[in-house]
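Worksheet: one structure, shown below.
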Amino acid sequence: MKPQEFKNLQSDRLILQPMPVTFEFANYLYQMIVKNREFFKYMPWADVSAPEQEFGFLDDAKSKWKKQSAAIYGMYLRDTNQFVGDCSFFDISWNNESGEIGYWIDPKFANQGFMTEAVNTVANEYFNMGFKRIVILANPENIASCKVAEKCGFEREGLLRSYDFLPSLNKRENVTLYSKIRE
Numbered sequence: 004m005k006p007q008e009f010k011n012l013q014s015d016r017l018i019l020q021p022m023p024v025t026f027e028f029a030n031y032l033y034q035m036i037v038k039n040r041e042f043f044k045y046m047p048w049a050d051v052s053a054p055e056q057e058f059g060f061l062d063d064a065k066s067k068w069k070k071q072s073a074a075i076y077g078m079y080l081r082d083t084n085q086f087v088g089d090c091s092f093f094d095i096s097w098n099n100e101s102g103e104i105g106y107w108i109d110p111k112f113a114n115q116g117f118m119t120e121a122v123n124t125v126a127n128e129y130f131n132m133g134f135k136r137i138v139i140l141a142n143p144e145n146i147a148s149c150k151v152a153e154k155c156g157f158e159r160e161g162l163l164r165s166y167d168f169l170p171s172l173n174k175r176e177n178v179t180l181y182s183k184i185r186e
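Numbering (the numbering used here), first residue to last: 4 to 186.
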């Protein structure tokens, strides 16, 4: 399969598009993570110590989008353009027609169905492009993340033991592997 151009996506309530590469937005993300450390404890990427790290993430996401190696989507409410989280497609193998979806949400927007809507939108887009296998990795203790995968029709394949190092917990953690196959 040849690389194809990524595009912005829409669902009933969301717009999924690249996040702005600005210091203002990087500081916004940093403040949200700092304020909600407990909520983000299962996410190794959330171990940030300065807004500059978030700016680096945003700049890297823009570069990966251009190279078609990852589609890092910010999630925005269609009605207000309010940022609510991230739902991305990465670890892309164009040759193997596979990739991974990862996601997180601002806690004030959790439990409202936004993440399920976003994951379904992203999965459908990439299956329609021709991808055959999409995976989600979730810490088994992160019940909300596991529920999103299951609600979106991803099947639990197994446990990857000692897969992630979580700086917030200062230990290695298991990860549950979910997959969805396009027949």
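For each residue, glycine too, the CB sits at the ideal point set by N, CA and C.
- The DSSP assignment places 101 to 108 and 136 to 141 as complete runs of the beta strand (DSSP E) inside the segment 90 to 149, in order along the chain (cut-off: 3 residues).
- Cβ contact annotation for Leu12 (same chain, cutoff 6 Å, sequence separation greater than five): Leu19, Thr124 and Glu128, in chain order.
- Residue environment for Trp48: exposed (fewer than 16 other C-beta atoms within 10 angstroms of its C-beta).
- Counting other Cβ atoms within 10 Å of its Cβ, Pro54 reaches 16 or more and is therefore classed as buried.
- Leu172 sits in coil when the DSSP states are folded into three classes, being neither helix nor strand.
- Judged by beta-carbon spacing, Ser91 lies beyond the 8 Å limit of Ile108, meaning their Cβ atoms are not closer than that value.
- Membership of Met78 in the beta strand (DSSP E) is indicated by the continuous run Gly77 to Leu80.
- Comparing C-alpha distances from Asp50 to each of Leu180, Lys183, Glu100 and Leu172 shows the shortest one belongs to Leu172.
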